[in-house]
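Presented below is the structure to which this report refers.
Protein chains in written order, with UniProt numbering: chain W, 1 to 509; chain B, 1 to 509.
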């Protein structure tokens with residue numbers, strides 16, 4: 001029987017079919033339960049369901065088109081097979097722009113075309129905390145600039161993460177030559193509730209499927225069990241539009257690249273919606289050119305304006321433009337160190353440097369993920385458990401996000417003067433917009449070679465989160481700067497109707 | 001005739017023979033004038049002389065052994081040929097330790113075995129300034145931590161360096177199919193006076209023989225003229241024990257490596273004392289493994305704790321240890337950016353970062369050179385012209401120099417815990433001394449795995465230039481740290497007779 005079935009669902013919302021039925025064998029793995037969804041326009045999706053405990057199966061579907069959809073259940077549970085239904089898919093509600101996709105090669109948009117600029121944070125084990133802390137985390141996120149959360153399905157066993165989690169996601173045992181897998185339905189209901197909470201706040205859930213910081217064996221399950229888990233998780237949460245698949249954190253501490261490729265194939269096959277897919281490394285870069293990788297998710301604990309480690313150097317190599325060219329995909333520095341003060345080198349950046357890495361990353365054409373690791377007696381560190389944000393960088397990251405969201409979309413790495421601008425990061429849109437970031441450098445002036453036209457030039461004080469107008473300029477000009485670290489110049493072409501603004505004399509030192 | 005000849009000279013001092021004689025042709029280039037110096041022990045040096053104007057030739061010699069030396073002049077000026085003399089070489093005076101040599105592969109010592117730790121600065125064009133400014137520069141050096149000066153022979157034409165210098169070093173013209181070269185004796189007398197002033201202050205003169213920032217043609221002279229210049233300069237100043245030969249600043253902006261090799265051969269042949277030889281690059285590293293290179297002189301505008309620019313990375317590559325292994329020679333970062341605020345990316349580092357690069361370099365087994373470029377109306381910037389030091393880093397560099405000079409010599413890159421210490425720079429002497437630098441990172445604690453024995457641990461506050469004793473520790477301990485950037489730990493093995501000091505409990509957080 002079908003129960004509790006909605007009649008309407010919004011585009012990119014979740015349509016859920018609930019079915020009651022008795023399974024033979026292991027209801028999590030031994031039952032075929034799926035539905036084919038068909039739109040009036042002829043789109044067709046085959047979607048797997050999952051066992052939700054108490055003789056209940058669910059099939060969840062995210063329609064990508066408004067209008068009438070019909071479905072038919074297919075199952076080896078006789079009573080369910082052939083069941084049919086239909087529903088109306090209506091316009092998305094405000095704030096629902098669909099799942100995030102890659103667009104313009106190096107960028108992201110929601111499926112409705114709205115640009116999406118990831119400003120992520122890490123909350124690796126937040127779903128494994130007690131409810132009070134989870135609520136505090138959600139409250140913190142609501143007041144934060146972060147619109148992406150990196151979060152593990154499996155609990156974390158690591159420094160500052162030694163407690164047993166309230167629930168384990170699954171268990172497995174060998175029996176008669178095969179693995180008996182059992183999922184903790186309560187855990188997954190809890191997990192998907194939090195994914196949905198994020199969705200309602202406009203936050204993408206960058207779901208980390210595997211990670212090495214483990215004592216329960218989740219990072220070393222047999223492949224058959226791994227795939228049962230992936231299949232179950234995909235069936236449960238892929239209809240949430242804010243889901244991204246991050247195959248692993250520090251994949252290379254678990255197994256080498258070649259062993260992961262098959263897992264990617266599996267996800268590509270099972271996920272009807274083609275959610276974003278990436279993988280994060282500890283040491284060895286994954287080959288992000290692989291077609292199943294939608295964007296490069298990189299750990300890089302250092303300055304992005306590095307010189308090469310090789311003696312045959314080119315001056316001032318900017319790593320993100322290099323990776324963009326190498327992978328032809330968006331680049332997210334998903335781990336660049338965390339603001340904090342703990343004993344580990346990856347977790348004790350000053351807030352200035354956390355902010356700096358955001359600016360470096362964004363103004364060289366990439367995206368950056370935040371994390372926070374302030375030592376605390378109670379061992380609640382944001383980076384993993386959530387709670388309260390204590391750091392000073394989020395305010396500055398919010399400021400940067402505002403600037404980027406106000407800018408024309410799809411800015412690319414660009415130099416006003418390739419010869420002289422080796423020392424700055426700059427993104428822009430030729431002849432229209434430039435954002436030049438000076439990093440720790442602190443010039444008192446700078447020569448700009450402006451393209452044709454008149455440009456409004458603003459000084460951006462990244463730490464003080466202030467923008468000061470420097471005036472209108474054209475041609476080759478010398479701009480006065482305050483001689484302090486962490487400033488940027490925002491340069492915007494004047495519209496014709498801006499012409500009434502008085503042209504200032506070129507500032508000359 | 002020989003005139004004004006001393007009877008005594010100290011070891012590694014300059015013994016000078018002055019000869020009067022009329023030359024046929026060009027006295028700078030067409031006269032053979034040299035002397036063979038022989039010690040009682042059988043050492044023999046053939047040393048070229050030079051024309052010093054007004055029918056005067058000089059031969060300068062730096063004896064490396066006390067006792068009686070004899071010499072005999074050889075010249076194609078008949079009156080001078082065969083002249084003989086002798087003098088006594090006496091013990092060096094205080095502060096005279098001889099020329100600096102490479103020792104222990106990666107380090108420097110004076111010839112008497114005293115360790116020398118280069119803490120250099122740049123004064124590229126200071127010799128081309130007016131005398132008042134030169135005197136101010138000397139006064140500044142006297143009160144500075146710097147014991148090496150990078151200085152050009154030729155004047156500099158570049159931003160903030162547009163004035164015509166008081167004197168040009170030389171001129172040349174083509175005549176009858178060969179080059180007529182004339183040296184400005186007054187200039188070289190002036191130049192060598194300043195080299196000697198530095199010597200008297202215990203400062204090494206890292207003499208830059210060629211550089212590209214030129215409008216007079218000195219960087220594009222015919223090879224024959226270049227060699228006449230080198231020969232003349234070597235004859236004049238190689239007897240000053242504090243001379244180093246830096247073949248070029250940014251050699252690759254003048255000509256490629258292969259064209260410089262012959263110049264190195266020439267210097268090796270002409271310099272009787274085997275002074276240190278290096279070359280500094282702009283973009284392309286010189287092959288510092290070449291046998292004529294005594295130490296790697298590197299330009300590196302960035303963090304030294306870089307990750308490789310290559311995707312096949314190893315975590316936390318430390319460039320100086322890598323270069324040490326590559327070249328098997330001492331490594332000096334002779335240009336890492338300058339403290340200041342001018343418009344160029346190489347010249348506007350905050351003082352904290354200038355200090356940081358010294359600490360990074362020194363605590364990873366190398367040496368670093370300072371420079372200062374504060375914008376000034378009068379265009380007198382220390383980096384090139386000298387004058388007054390305005391920056392805040394020299395005080396901190398002095399502090400570091402004191403720490404290094406108090407440490408056991410020849411510290412090497414070392415890790416107390418190779419697994420966990422990827423994030424710090426550390427040099428030490430196994431089981432005896434460790435200096436761990438935390439860079440911008442700011443842990444509130446750190447686990448140390450101390451080798452056998454008891455160790456005195458000091459917190460070094462690099463910016464505040466303070467040292468705080470943290471106590472005596474042994475075994476694996478957790479050390480409390482202040483949670484601020486720019487700190488180091490100095491860890492020194494206790495002597496047995498230190499045992500009366502009360503052992504503190506291990507600090508635990």
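Don't be surprised by glycine CBs; every beta carbon is placed ideally from N, CA and C.
Computed from a predicted model, the values in this text were never measured in an experiment.
Which two residues bound the contiguous beta strand (DSSP E) that contains residue i?
i                      : result
residue 206 of chain W : 204–210
residue 524 of chain B : Nothing can be reported for residue 524 of chain B: it is not among the residues displayed for chain B, which extend from 1 to 509.
residue 489 of chain B : 487–493
residue 541 of chain B : There is no way to answer for residue 541 of chain B, as the model of chain B reaches only from 1 to 509.
residue 473 of chain W : 466–473
residue 214 of chain B : It is not in any beta strand (DSSP E) - residue 214 of chain B carries neither H nor E in the DSSP assignment.
residue 332 of chain B : 331–335
residue 174 of chain B : 170–175
residue 479 of chain B : 476–480
residue 367 of chain W : 367–370
With 16 as the cutoff for other CB atoms within 10 Å, does residue i come out buried or exposed?
i                      : result
residue 25 of chain W  : exposed
residue 221 of chain B : buried
residue 98 of chain B  : buried
residue 224 of chain W : exposed
residue 476 of chain W : exposed
residue 322 of chain B : buried
residue 407 of chain W : buried
residue 47 of chain B  : buried
residue 555 of chain W : Only positions 1 to 509 of chain W appear in the structure, and residue 555 of chain W is not among them; the question remains open.
residue 256 of chain B : exposed
residue 15 of chain B  : buried
residue 43 of chain W  : exposed
residue 12 of chain W  : buried
residue 318 of chain W : buried
residue 351 of chain B : buried
residue 250 of chain W : buried
In the DSSP assignment, the alpha helix (DSSP H) including residue i goes from what residue to what residue?
i                      : result
residue 193 of chain W : 185–200
residue 232 of chain W : 223–237
residue 361 of chain B : 351–362
Give me, in chain order, the residues of the same chain whose beta-carbon lies closer than 7 Å to that of residue i; leave out the 5 immediate sequence neighbours on both sides.
i                      : result
residue 202 of chain W : 95, 147
residue 388 of chain B : 136, 140
residue 309 of chain W : Summary for residue 309 of chain W: the model assigns pLDDT 41, below 50, so the residue's position carries little reliability; its value from the coordinates is reported in the next sentence. Taken in chain order, the list of residues that qualify is empty.
residue 21 of chain B  : 55, 57, 77, 79, 80
residue 170 of chain B : 181, 182, 183, 184, 229
Less than 6 Å between C-beta atoms, sequence neighbours within five positions excluded: which residues of the same chain meet that for residue i?
i                      : result
residue 381 of chain W : 160, 373
residue 51 of chain W  : 27, 28, 57
residue 468 of chain B : 459
residue 347 of chain B : 338, 340, 373
residue 23 of chain W  : 31
residue 272 of chain W : 45, 47
Spatial neighbours of residue i within its chain, please: CB distance less than 8 Å, with the 5 preceding and 5 following residues excluded, ordered by chain position.
i                      : result
residue 510 of chain B : In the structure as shown, chain B starts at 1 and stops at 509, and residue 510 of chain B therefore has no counterpart that could be examined.
residue 244 of chain B : 100, 148, 204, 205, 206, 207, 275, 276, 277, 278
Which residues of chain A have a Cβ atom closer than 8 Å to the Cβ of residue i, listed in chain order?
i                      : result
residue 422 of chain W : Among the protein chains in the structure shown, which are W and B, there is no chain A.
Evaluate contact between the region 154–166 of chain B and the region 395–407 of chain B, counting only Cβ atoms and requiring at least three cross-stretch pairs below 8 Å.
Flag = no, the region 154–166 of chain B and the region 395–407 of chain B do not touch.
Runs of beta strand (DSSP E) lying entirely within the UniProt domain "DUF5060" (8–75) of chain B, each at least 3 residues, in chain order
Runs of beta strand (DSSP E) with 3 or more residues, each lying fully within the UniProt domain "DUF5060" (8–75) of chain B, are found at 8–10, 15–20, 33–39, 44–51, 56–61, 67–75, listed in chain order.
Validate contact between the region 79–90 of chain B and the region 115–123 of chain B using beta carbons, cut 8 Å, 3 pairs:
The region 79–90 of chain B makes no contact with the region 115–123 of chain B: fewer than 3 CB pairs, one atom from each, lie closer than 8 Å.
Which ranges does the alpha helix (DSSP H) cover as unbroken runs of at least 4 residues, wholly within the region 86–161 of chain W, from first to last along the chain?
With a minimum length of 4 residues, the continuous alpha helix (DSSP H) runs that stay inside the region 86–161 of chain W are 131–142.
With a floor of 3 residues, list each beta strand (DSSP E) that falls wholly inside the region 374–454 of chain W, ordered by position along the chain.
Here the runs fully enclosed are 425–429, 433–437, 445–449.
Secondary structure, beta strand (DSSP E): runs of 3+ residues fully inside the region 244–309 of chain B:
Taken in chain order, the complete beta strand (DSSP E) segments of 3 or more residues contained in the region 244–309 of chain B are 296–299.
Any chance the region 62–77 of chain B sits against the region 28–41 of chain B, with 3 or more Cβ pairs inside 8 Å?
The count of Cβ pairs closer than 8 Å, one atom from the region 62–77 of chain B and one from the region 28–41 of chain B, reaches three, so the stretches are in contact.
Evaluate the contact criterion for the region 472–489 of chain B versus the region 326–341 of chain B: three or more CB pairs, one atom per stretch, below 8 Å.
The region 472–489 of chain B is not in contact with the region 326–341 of chain B.
Touch check for the region 344–358 of chain W and the region 99–114 of chain W: three-plus C-beta pairs under 8 Å?
As far as the Cβ criterion goes, the region 344–358 of chain W does not touch the region 99–114 of chain W, which means the pair count is below three.
Report yes or no: do the region 487–497 of chain B and the region 431–444 of chain B share at least 3 C-beta pairs separated by less than 8 Å?
Three or more Cβ pairs drawn from the region 487–497 of chain B and the region 431–444 of chain B lie within less than 8 Å of each other, which places the two stretches in contact.
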